[in-house]
Amino acid sequence: MRQFSPDYCAVTRRVAAFAALLCLSVTKATYAQLGPIIITDDDNEEPGPVTSNSVPFEIGDTAAGEFTGFREVIEKQELQQAGSSLAEVVATESGVQFRESGGLGSHSSISLRGSSAEQVNVYLDGILLNEASGGGVNFSDIELMQAEKVEVYKGTVPVQLGNTAIGGAVNIVSARATSAPVSSFLAGIGSFGSSRFSAAYQGPVNLLDDQTFVASISFRQSANDFPFLNDNGTIFNTADDSRERRNNGQTRSLSGFVKTGHRLWGNVKLEHALQFYDRAQGVANWRNTELGVAQLDSNNAQWRSTLRHTAAKGYWSSLWELNGSIKNELFDDRNASIGISSQMIESDTSVFGARGYWEKINSENSLSFSLKLRGESFSAFNQLRQVNATNARRMRSDFSVQGNRYYNNGATLVSASAVGFVVDDDYDIENFEQARADFTTSAVVPQLGFSHTLNDRMVMLGNVSLQKRVPSFFELFGSQGLFVGNSSLETESAANLDIGLKWNSDPSQSVDRQFSISYFHNKRDDLIVRTYNAQGVGTSQNLSRATARGVELAGGARWNTGFHLDAAITIQDTENRSNLRGETGKQLPGEAAVDGVVTAGWKNNRWKVEYEFKVNSDRYYDTGNFLTAANQRVHGMNVSRYWKDWRVDFELNNLTNQNYEDFNGYPRPGRAGFISLFYQPKALQ
Numbered sequence: 000m001r002q003f004s005p006d007y008c009a010v011t012r013r014v015a016a017f018a019a020l021l022c023l024s025v026t027k028a029t030y031a032q033l034g035p036i037i038i039t040d041d042d043n044e045e046p047g048p049v050t051s052n053s054v055p056f057e058i059g060d061t062a063a064g065e066f067t068g069f070r071e072v073i074e075k076q077e078l079q080q081a082g083s084s085l086a087e088v089v090a091t092e093s094g095v096q097f098r099e100s101g102g103l104g105s106h107s108s109i110s111l112r113g114s115s116a117e118q119v120n121v122y123l124d125g126i127l128l129n130e131a132s133g134g135g136v137n138f139s140d141i142e143l144m145q146a147e148k149v150e151v152y153k154g155t156v157p158v159q160l161g162n163t164a165i166g167g168a169v170n171i172v173s174a175r176a177t178s179a180p181v182s183s184f185l186a187g188i189g190s191f192g193s194s195r196f197s198a199a200y201q202g203p204v205n206l207l208d209d210q211t212f213v214a215s216i217s218f219r220q221s222a223n224d225f226p227f228l229n230d231n232g233t234i235f236n237t238a239d240d241s242r243e244r245r246n247n248g249q250t251r252s253l254s255g256f257v258k259t260g261h262r263l264w265g266n267v268k269l270e271h272a273l274q275f276y277d278r279a280q281g282v283a284n285w286r287n288t289e290l291g292v293a294q295l296d297s298n299n300a301q302w303r304s305t306l307r308h309t310a311a312k313g314y315w316s317s318l319w320e321l322n323g324s325i326k327n328e329l330f331d332d333r334n335a336s337i338g339i340s341s342q343m344i345e346s347d348t349s350v351f352g353a354r355g356y357w358e359k360i361n362s363e364n365s366l367s368f369s370l371k372l373r374g375e376s377f378s379a380f381n382q383l384r385q386v387n388a389t390n391a392r393r394m395r396s397d398f399s400v401q402g403n404r405y406y407n408n409g410a411t412l413v414s415a416s417a418v419g420f421v422v423d424d425d426y427d428i429e430n431f432e433q434a435r436a437d438f439t440t441s442a443v444v445p446q447l448g449f450s451h452t453l454n455d456r457m458v459m460l461g462n463v464s465l466q467k468r469v470p471s472f473f474e475l476f477g478s479q480g481l482f483v484g485n486s487s488l489e490t491e492s493a494a495n496l497d498i499g500l501k502w503n504s505d506p507s508q509s510v511d512r513q514f515s516i517s518y519f520h521n522k523r524d525d526l527i528v529r530t531y532n533a534q535g536v537g538t539s540q541n542l543s544r545a546t547a548r549g550v551e552l553a554g555g556a557r558w559n560t561g562f563h564l565d566a567a568i569t570i571q572d573t574e575n576r577s578n579l580r581g582e583t584g585k586q587l588p589g590e591a592a593v594d595g596v597v598t599a600g601w602k603n604n605r606w607k608v609e610y611e612f613k614v615n616s617d618r619y620y621d622t623g624n625f626l627t628a629a630n631q632r633v634h635g636m637n638v639s640r641y642w643k644d645w646r647v648d649f650e651l652n653n654l655t656n657q658n659y660e661d662f663n664g665y666p667r668p669g670r671a672g673f674i675s676l677f678y679q680p681k682a683l684q
């Protein structure tokens, strides 16, 4: 086992001491319900009128009383804070780490409990956004104004999502119509040529009875020409260091979302949704040379049609859905400023899927089924060589079943489920003759969990599950920039265990306090990680064995005077247990041993002032732990001024002006400021 260094132990002691103070403390996310776990008719009643700031529960949603795993829910008010990206907001939760390749709009991803970005399933309204082509989900492609809430599932994933996930899952619930029309508007400018514009509408329309309409459009751009210290790749030689501005880091994105809903009869509702984005970004050179002009352009359109039937308690409710997407990307590096050779690769990805979900809820038990069918095709064409580099197809079916049983008048919930999949691949890869064959694999894995209400203030949760993940096309055959595929990769698997407590204070007290603690232990076989050689060329490889274990702490306090204190801390140990010399006992690359955020603020009817401190330490870029990432200590301030339905936000990030790197050779901006004007009915802010 890797021995902790004295510095790490010191950090651990400081964090443990601070954890004691968390007992004074409410996290910004919504905790699982406390008190008796009782299923009532509220989750299954016919949707009726709602106020302008509330949305109805829908079939396919995960109710707090039906789930035994560790879930955090980030509500709309927090998501719409100006200047924040989705990945940054999600990363304020314990167990979540955030990585970004540059400034505003650059590629950003998250990891859960020591997993990679590809081991985290990301959904939009229950539809999987991870593609067989791979690369993980870029959170910069998802606008906050398009979301109603974000659900973060660490470890165990609910049956409503219906896929196995080694690290966990993030489900983005799109904006939902309210009974009264609500309009929102946001415009802002900031450092390094950054600007942002968003507009949204939610509410009813009068074309048909019981018809709703949701729409939003967003635009972002940034030059990302921030200054930083370039060491030219020689960290031990300061003679060639120079202060430079980032070259070719510019980004531009346009996205839109439209959703309509119509009640056909009774409790049967038909819904259609369409989302698109168009993004262009420069791909900065690792050495930051002026000759670096590589460009990545992408556009994507997604659609879905959903039929929901919501039944009363004791009867079957159901969801039927068709969905699809088309994505086109062009990676232009004809000057070989990024990769190991000149490339101009155009790729196309198309997805068509269908899913069904059924559930029946009674007073003492519930039963749920999920079935998903998905077909994906991926092709890549090298325009410089006029040949098809890749043609791949994946047909996949996922199924899951879950049974819940309630005991002690609803105080105890026991949940058992099974999740399975069948994957059939067909490859035709240039220069990979051995890949010209079919590949089929399947698995069925169990999940078991419990939730027990100890008293009116405390709930205990525990889960154990097995998980599987098939490697993506990019991991197998990818060749883009400084990355090459590995066609011999095996399916990775994991055994996950977690247990923890959640507590809240007596609501009659003057201070609203909440606290949670959880322990997780994940054993992973054939784990896929990315490694890089001395030239910076990366590839994926299987580790025979690895573990990730740690403790998550979260808590906060809110005073009736307007003050609040929130904190989320994760202490984890990710250990490589392979038999490779020089790597056994080392920490898995990219994952920090200590990660956390503390927020303190005050708010009244006119002003809001908030300070945020983020820490990320003990992290390495490589499997041998030779390339050490700098420990991050990031301070930020936000000030908001309210006038009726208007709000002006002033944001100042990274007060100490440090250019930290989440990816080796790709710094993030130093000190940066933003000012935004936001309009929305004040009751919803």
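Mapping of the sequence shown onto numbering that gives the first Met the number 0: residues 0 to 684, in sequence order.
The C-beta atom is built at its ideal place from N, Cα and C for all residues, glycine as well.
Small disclaimer: the values here were computed from a predicted structure and weren't measured.
To the nearest angstrom, report how far apart residue i and residue j are at their CA atoms.
i, j, result
"tyrosine 152", "glycine 125", "13 Å"
"threonine 39", "lysine 312", "With a pLDDT of only 39 at threonine 39, under the threshold of 50, the placement of this residue in the model should not be trusted, and no figure is reported."
"glycine 635", "glycine 189", "15 Å"
"valine 149", "phenylalanine 235", "43 Å"
"isoleucine 674", "serine 114", "35 Å"
"threonine 538", "glycine 484", "6 Å"
"glycine 102", "serine 84", "11 Å"
"leucine 542", "alanine 493", "12 Å"
"asparagine 43", "lysine 268", "Confidence is the limiting factor: at asparagine 43 the pLDDT is only 37, short of 50, which leaves the residue's position unreliable, though a coordinate-based value still follows. Cα to Cα, the separation comes out at about 14 Å."
"threonine 452", "phenylalanine 66", "13 Å"
"aspartate 397", "glutamine 301", "20 Å"
"arginine 333", "glycine 672", "35 Å"
"valine 257", "alanine 214", "4 Å"
"glycine 448", "threonine 177", "34 Å"
"arginine 640", "glutamine 210", "36 Å"
"leucine 676", "alanine 566", "28 Å"
"valine 350", "valine 593", "38 Å"
"glycine 255", "phenylalanine 420", "32 Å"
"tyrosine 665", "threonine 250", "15 Å"
"leucine 500", "glutamine 280", "44 Å"
"glutamate 582", "leucine 626", "13 Å"
Starting from residue i, follow its DSSP beta bridges and name the residues at the other end.
i, result
"arginine 557", "Asp511 and His563"
"glutamate 611", "Thr598 and Gly635"
"lysine 681", "According to DSSP, lysine 681 bridges with nothing at all."
"proline 226", "Arg244"
"phenylalanine 398", "Leu370 and Gly419"
"serine 217", "Ser197 and Ser254"
"tryptophan 642", "Trp645"
"aspartate 497", "Asn462 and Phe519"
"methionine 457", "Asn454 and Trp502"
"glutamine 446", "Ser416 and Ser464"
"valine 550", "Tyr518 and Ile570"
"valine 267", "Trp264 and His308"
"tryptophan 315", "Lys359"
Going by CA-CA distance only, name the one from the options that's closest to residue i.
i, options, result
"cysteine 296", "Asn327, Thr309 and Leu290", "The question names cysteine, but residue 296 in the sequence shown is aspartate. Ranking Asn327, Thr309 and Leu290 by Cα distance to aspartate 296 puts Asn327 first."
"threonine 573", "Asn541, Asn521 and Asn559", "Asn521"
"glutamine 401", "Arg512, Arg384, Val257 and Glu358", "Glu358"
"glutamate 289", "Gly554, Gly154, Ile337 and Ser346", "Ile337"
"alanine 699", "Asn495, Thr598, Trp502 and Ile568", "Not covered by the structure: residue 699. The range shown for the chain is 0 to 684."
"arginine 175", "Asn162, Asn408 and Ala146", "Ala146"
"threonine 318", "Gly59, Glu92 and Phe562", "For the sequence presented, residue 318 should be read as leucine rather than threonine. Ranking Gly59, Glu92 and Phe562 by Cα distance to leucine 318 puts Gly59 first."
"arginine 262", "Gln294, Arg245, Asn287 and Thr309", "Thr309"
Using a Cβ-Cβ cutoff of less than 6 Å, which residues in the same chain neighbour residue i once the five nearest sequence positions on both sides are dropped?
i, result
"phenylalanine 212", "Val204 and Thr259"
"asparagine 231", "Asp239"
"arginine 393", "Ala131, Glu375 and Asp424"
"arginine 195", "Gly187 and Arg219"
"glycine 133", "Ser471, Phe472, Phe473 and Glu474"
"phenylalanine 649", "Val638 and Ile674"
Rounded to the nearest angstrom, how far is the Cβ of residue i from that of residue j, given a contact under 8 Å?
i, j, result
"glutamine 586", "tyrosine 619", "6 Å"
"serine 414", "proline 445", "Actually they are not in contact, since the Cβ atoms of serine 414 and proline 445 sit about 11 Å apart, beyond 8 Å."
"serine 107", "arginine 98", "7 Å"
"serine 517", "phenylalanine 69", "6 Å"
"glycine 291", "asparagine 229", "Rounded, the Cβ-Cβ distance is 12 Å, inconsistent with contact."
"threonine 685", "phenylalanine 377", "Since the first residue shown for the chain is 0 and the last is 684, residue 685 is missing from the structure and cannot be characterised."
"glycine 94", "threonine 440", "Actually they do not touch by this definition, with Cβ atoms about 29 Å apart."
Confirm the yes/no value for this check: CB of residue i, any heavy atom of the ligand COA, distance under 7 Å.
i, result
"phenylalanine 476", "For the structure depicted, the ligand COA is absent and the ligand set is empty, with no information on it obtainable."
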